[in-house]
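Protein chains in written order, with the numbering used here: chain U, 1 to 283; chain F, 1 to 363. Here a beta-carbon is modelled for each residue, glycine too, at the ideal position from N, C-alpha and C. Accompanying notes for the structure given below.
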Amino acid sequence: MIANSRIRQAYGFAAPAVLWTAAFFLVPLAIMALYSIWQRVGMSLKTVPTLANYIAFVEKSFFLKGLLNSLEVTFTVTILSILLAYPLAWILAEKVPARWQRIALLAAVLPFWTSYVVRSYSWLLVLSDGGVISNFLMQTGLTQESISLANSRTATVIGFVHFFVMLLTLTIYANLVQLPKSYIKAAQDLGAGPIRTFIHVVLPLTLPGIMVGAFLTFVLCIGDYITPQILGGNKELLLPQTLMLQIQRRADFPMASAIAMILMAVVTLAYAACSRWLKLERA
Amino acid sequence: MSKKVSTGAISAPRSILSAAVLVGTIGLGSAPGLAADELNALVWCDHTDPALIQPFEEKYGVKVNLKEYEGTGTALSIVEQSQPGDWDVFVVDGVDVPRVVAAGILAELPAGELPIDDVFDQVQMKDVTMVDGKMYAIMEKFGYNVVGYDKSKVDPADMRDLSTLWGDKYKGKIAVYDYYIPLMDLTALYLGMKPSDISTETLPQIKEALFQLKDNAAMVGEVVSSTTALATGEASVLLGGGEWAVGVMQDDNPNLEWVLPDQGGILWSQAIGVFEGSEKKDLALKFVQYIMSPEGQARLATSSCFWGMPANSKAGDVMTDDQKTRLLWDEQEAFLAKSHRYYIPDAELDGQMLDVWTEFLQR
Chain U
1 MIANSRIRQA YGFAAPAVLW TAAFFLVPLA IMALYSIWQR VGMSLKTVPT
51 LANYIAFVEK SFFLKGLLNS LEVTFTVTIL SILLAYPLAW ILAEKVPARW
101 QRIALLAAVL PFWTSYVVRS YSWLLVLSDG GVISNFLMQT GLTQESISLA
151 NSRTATVIGF VHFFVMLLTL TIYANLVQLP KSYIKAAQDL GAGPIRTFIH
201 VVLPLTLPGI MVGAFLTFVL CIGDYITPQI LGGNKELLLP QTLMLQIQRR
251 ADFPMASAIA MILMAVVTLA YAACSRWLKL ERA
Chain F
1 MSKKVSTGAI SAPRSILSAA VLVGTIGLGS APGLAADELN ALVWCDHTDP
51 ALIQPFEEKY GVKVNLKEYE GTGTALSIVE QSQPGDWDVF VVDGVDVPRV
101 VAAGILAELP AGELPIDDVF DQVQMKDVTM VDGKMYAIME KFGYNVVGYD
151 KSKVDPADMR DLSTLWGDKY KGKIAVYDYY IPLMDLTALY LGMKPSDIST
201 ETLPQIKEAL FQLKDNAAMV GEVVSSTTAL ATGEASVLLG GGEWAVGVMQ
251 DDNPNLEWVL PDQGGILWSQ AIGVFEGSEK KDLALKFVQY IMSPEGQARL
301 ATSSCFWGMP ANSKAGDVMT DDQKTRLLWD EQEAFLAKSH RYYIPDAELD
351 GQMLDVWTEF LQR
């Protein structure tokens, strides 16, 4: 009797979360999957199941190119962000006095307080012809003519990295401060130098923090539309941009749904690759 | 010519609505007011300029509730979700008037009480605004997708020849407005074709020319990005731009100008009408009459959201010389003679054109 009551209680506690997930994730996902096997013909929606949208994705080169561009940009951003975030997190965790760490962390997340769109347009001004970087290079004599980094893949990567370095810094910092100092001392007592200690002790133990941050970076970056749209100058299209074109220009929701399903499959593969480090008990 | 716009594509002024949303200029509530002395208008952002609306409100002692929207599809969604009588005045893309009339949304307008004869001949577009001899809307503003430029960085004479933009002289300094229909229409003009010559057969030529243009482009962007590129010096030329793109920015940068090339330009237009379901048709008509008056037209033409030519030619009598200079008033007759309306393809060709445009962006 008591056991049944506890089971009912457990279902009762779980029900809101299950209903929430069903209403705001499973149902929309099912609708999107259904739409992806329908087809827009002229102005009407053809509801006969078909793989035409997925076939079109493979046959039309601009879709595959969009996926390739997205993967290239995302991997570049993720790797650059890790390389920049790790030293920053290490400095925060090891070199900044404990009483200053909160302020330093606050400073690290300051960019998150600005609107994403405003931040992207700010970068556009910084990177453009006659912008801050161009003027600095000319005034220091490093270049004779003004240069522009805006409206390019480089600009998109810079905009992304600026945002994701902070995210990765936080996840890596969280791991570093939990790392017992005795492990490092033990390694040193056993004769390991700083580099061997880092490679064989610190890095493996902070890998979960890196992978959590890297996965979040991958997911957020590959699905982002705003940054490449503002900073990329349409010199090339990333996959979310090709998706938005289907909606904005064609009102082709079935094709957009198919692209979204493919994007989701890519993210799922990324999760599978990182899952070893993404288990909750390791976080 | 009413094979209508089959997509959610955004024309020049319609795109400015999204620009306004981005910069957060106007944010009026979605639910219209209900008081008897209020008028509810579904409009483009240029109508939300207080300098345009306040004189009408003061004259008639009414409050005009303005709801701006982005794209005719969005407007139709808003109307579908509203109750009959919620809306009184509708401002809509000129090319979408037949679609709106066919949906039974607009009421017949008393043609005799509106200055239709004062509207520039080429802008009257009675084939669009009239059905079975009845008038349902009147064109209130128009402009061009042509060439905007910074005269301190380019030779203005070059801007009158589209082929210059396909040459090497301004390579890397050209911003291209990201809207496929007017840009493909302009490309057709560059190739010596009319926009209406675009077909499955001629599309490969258009595609090749577009790819050449991409090689010269600094960027391809929607309203905010492309005009920002022109304003910051990232680009010296905006292909697809016009008075709507540079008019407002000329206050800060008098070097920005626009011109319609010798090969021709693409005409955009916006129309105004009264909702069939309006319970305040008399007041709504007074608002339309005010907007179409020379004074209303002058204020609408120079709205703080975007500039454009007033449809009523009599507006020139009340506009300043500086305003008319910036709108190239004296050249309008020649410009109108050389301009073409947006070419609206059928669904199949539209899909092919979008594929080409996507390839152009992806190149």
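**Asked** Quick one: Cα of valine 48 of chain U to Cα of phenylalanine 57 of chain U, how far?
**Response** Counting from 1 along the first sequence, the entry for residue 48 of chain U is found at position 48. Counting from 1 along the first sequence, the entry for residue 57 of chain U is found at position 57. About 18 Å.
**Asked** What residue does the beta strand (DSSP E) around leucine 42 of chain F start on, and which one ends it?
**Response** Residue mapping note: residue 42 of chain F aligns to position 42 of the second sequence, counting from 1. From DSSP, the beta strand (DSSP E) with leucine 42 of chain F extends over 38-43.
**Whole alpha helix (DSSP H) elements within the region 115-173 of chain F, 4-residue minimum** = 121-124, 126-129, 163-166
**Message:** Using only the alpha-carbon positions, how far apart do glycine 308 of chain F and threonine 48 of chain F sit?
**Reply:** Reading the second sequence from its first residue, position 308 is the one you call residue 308 of chain F. Reading the second sequence from its first residue, position 48 is the one you call residue 48 of chain F. Distance between the alpha carbons of glycine 308 of chain F and threonine 48 of chain F is about 15 Å.
**Beta carbon of tyrosine 116 of chain U nearer than 7 Å to that of isoleucine 226 of chain U** = Looking up residue 116 of chain U in the first sequence gives position 116. Looking up residue 226 of chain U in the first sequence gives position 226. Yes, these two residues count as a Cβ contact at 7 Å.
**Item:** Residue of F/Lys153, F/Ile266, F/Phe90, F/Gln250 minimising C-alpha distance to lysine 194 of chain F
**Value:** Start at 1 with the first residue of the second sequence, and residue 194 of chain F comes out as number 194. Nearest option by C-alpha distance: F/Ile266.
**Request:** Using three-state DSSP, classify asparagine 65 of chain F as helix, strand or coil.
**Result:** Against the second sequence, residue 65 of chain F aligns to sequence position 65. DSSP places asparagine 65 of chain F in strand when its eight states are reduced to three.
**Request:** Rounded to whole angstroms, what's the CA-CA distance from alanine 104 of chain U to lysine 95 of chain U? Just pull it up for me.
**Result:** Mapped onto the first sequence, residue 104 of chain U falls at position 104. Mapped onto the first sequence, residue 95 of chain U falls at position 95. About 11 Å.
**Prompt:** Between the region 53-69 of chain F and the region 106-124 of chain F, are three or more C-beta pairs nearer than 8 Å?
**Reply:** no
**Prompt:** Within 7 Å (strictly less), CB to CB, does glutamine 212 of chain F reach chain U?
**Reply:** The count along the second sequence starts at 1 and reaches residue 212 of chain F at position 212. Chain U contact via Cβ: absent.
**Request:** Give the secondary structure of proline 110 of chain F by DSSP, where H, G and I count as helix, E and B as strand, and everything else as coil.
**Result:** Taking the second sequence and counting its residues from 1, one reaches residue 110 of chain F at position 110. Proline 110 of chain F falls in the coil class under three-state DSSP.
**Prompt:** Using the beta-carbon of each residue, which ones in chain U are nearer than 7 Å to aspartate 178 of chain F?
**Reply:** Start at 1 with the first residue of the second sequence, and residue 178 of chain F comes out as number 178. The answer, in chain order, is Asn234.
**Prompt:** Any Cβ of chain U within less than 7 Å of the Cβ of alanine 284 of chain F?
**Reply:** The residue given as residue 284 of chain F occupies position 284 in the second sequence. So no, alanine 284 of chain F is outside the interface.
**Message:** Please identify the residue among U/Gly42, U/Val126, U/Ala85, U/Phe24 whose C-alpha is closest to the C-alpha of isoleucine 230 of chain U.
**Reply:** Residue 230 of chain U sits at position 230 when you count from the first residue of the first sequence. Measuring from the Cα of isoleucine 230 of chain U, the nearest candidate turns out to be U/Val126.
**Asked** Which residue comes first and which comes last in the beta strand (DSSP E) that contains leucine 239 of chain F?
**Response** Here residue 239 of chain F refers to the residue found at position 239 of the second sequence. Leucine 239 of chain F -> beta strand (DSSP E) spans 237-241.
**Prompt:** Quick one: is aspartate 346 of chain F buried, meaning 16 or more other Cβ sit within 10 Å of its Cβ, or exposed?
**Reply:** Looking up residue 346 of chain F in the second sequence gives position 346. Its Cβ having fewer than 16 others within 10 Å, aspartate 346 of chain F is exposed.
**Request:** Using a Cβ-Cβ cut-off of 7 Å, state whether glutamate 80 of chain F counts as contacting chain U.
**Result:** Walking along the second sequence from the start, residue 80 of chain F turns up at place 80. False, the Cβ-Cβ gap to chain U never drops below 7 Å.
**Message:** Taking 7 Å as the threshold (beta carbon to beta carbon), is serine 30 of chain F in contact with chain U?
**Reply:** The count along the second sequence starts at 1 and reaches residue 30 of chain F at position 30. Its pLDDT being 42, under 50, serine 30 of chain F is placed unreliably by the model, and nothing is read from it.
**Item:** Contacts of lysine 46 of chain U in chain F (Cβ-Cβ under 7 Å)
**Value:** Position 46 of the first sequence, counted from the start, is the residue given in the question as residue 46 of chain U. Going along chain F, no residue has its Cβ under 7 Å from lysine 46 of chain U, so there is no contact; the nearest lies around 13 Å.
**Request:** Evaluate isoleucine 79 of chain U with the Cβ neighbour count: other Cβ atoms within 10 Å of its Cβ, from every protein chain shown; 16 or more gives buried, anything less gives exposed.
**Result:** For the purposes of this step, residue 79 of chain U is taken as residue 79 along the first sequence, with counting starting at 1. Under this definition isoleucine 79 of chain U is an exposed residue.
**Message:** For cysteine 138 of chain U, which residues in the same chain have their Cβ closer than 7 Å to its Cβ, ignoring the five residues on either side in sequence?
**Reply:** If you number the first sequence from 1, residue 138 of chain U lands on position 138. Residue 138 of chain U is actually methionine in this sequence, not cysteine. Counting only Cβ-Cβ distances below 7 Å, and skipping sequence neighbours, we find Ser146.
**Request:** State the start and end residues of the unbroken alpha helix (DSSP H) segment that holds glutamine 241 of chain U.
**Result:** Here residue 241 of chain U refers to the residue found at position 241 of the first sequence. Segment 239-248, the alpha helix (DSSP H) holding glutamine 241 of chain U.
**Item:** Cβ pair count under 8 Å reaching 3, the region 147-158 of chain U against the region 178-188 of chain U
**Value:** no
**Message:** Using C-beta distances below 8 Å, list every residue in its chain close to glutamine 246 of chain U, excluding the 5 sequence neighbours before and after it, in chain order.
**Reply:** Start at 1 with the first residue of the first sequence, and residue 246 of chain U comes out as number 246. Here the set comprises Asp252, Phe253, Met255, Ala256, Ile259.
**Asked** Going along the chain, which residues of the region 219-234 of chain F sit with their C-beta nearer than 9 Å to a C-beta in chain U?
**Response** Met219, Val220, Gly221, Glu222, Val224, Ser225, Thr228, Ala229, Thr232, Gly233, Glu234
**Request:** Would you list the one or two residues that DSSP bridges to proline 310 of chain F?
**Result:** Residue 310 of chain F sits at position 310 when you count from the first residue of the second sequence. F/Lys141.
**Message:** Strictly under 7 Å for the Cβ-Cβ distance: is threonine 358 of chain F near chain U by that measure?
**Reply:** Here residue 358 of chain F refers to the residue found at position 358 of the second sequence. Cβ-Cβ to chain U under 7 Å: yes for threonine 358 of chain F.
**Item:** Residue nearest to proline 98 of chain F in terms of C-alpha spacing, selected from F/Val318, F/Gln122, F/Leu76, F/Val128
**Value:** Within the second sequence, the letter at position 98 stands for residue 98 of chain F. The candidate whose alpha carbon is nearest that of proline 98 of chain F is F/Val128.
**Prompt:** For a contact meaning CB atoms closer than 7 Å, what does leucine 354 of chain F contact in chain U?
**Reply:** As a first step, residue 354 of chain F must be located in the second sequence, where it is residue number 354. Here the neighbours are Arg249, Arg250.
**Request:** Kindly indicate which residue of F/Leu239, F/Ala102, F/Glu348 has the alpha-carbon position closest to the one of methionine 130 of chain F.
**Result:** Numbered from 1 along the second sequence, position 130 holds the residue referred to as residue 130 of chain F. When only C-alpha atoms are compared, the closest one is F/Ala102.
**Message:** Using a 10 Å radius around the Cβ and a threshold of 16 neighbouring Cβ atoms, would you call isoleucine 7 of chain U buried or exposed?
**Reply:** Looking up residue 7 of chain U in the first sequence gives position 7. Isoleucine 7 of chain U comes out exposed.
**Item:** Interface residues of chain U facing alanine 103 of chain F [CB-CB closer than 7 Å]
**Value:** In the second sequence, the residue the question calls residue 103 of chain F occupies position 103. In chain order: nothing, as chain U lies at least about 13 Å away.
**Item:** Contacting positions in the region 110-139 of chain U - beta carbon closer than 8 Å to chain F
**Value:** Val117, Tyr121, Leu124, Leu125, Ser128, Asp129, Gly130, Gly131
**Request:** Give every residue of the same chain whose Cβ lies closer than 6 Å to the Cβ of leucine 260 of chain F, excluding the five residues on either side of it in the sequence, and list them in chain order.
**Result:** Within the second sequence, the letter at position 260 stands for residue 260 of chain F. Contacts found: Tyr144, Val146, Phe335.
**Message:** Let me see if you follow: with CB-CB separation under 7 Å, is alanine 347 of chain F close to chain U or not?
**Reply:** Within the second sequence, numbered from 1, the residue matching residue 347 of chain F stands at position 347. Yes, its Cβ sits closer than 7 Å to a Cβ of chain U.
**Asked** Three-state secondary structure (DSSP) at arginine 363 of chain F?
**Response** Within the second sequence, numbered from 1, the residue matching residue 363 of chain F stands at position 363. The answer is coil: DSSP assigns arginine 363 of chain F none of H, G, I, E or B.
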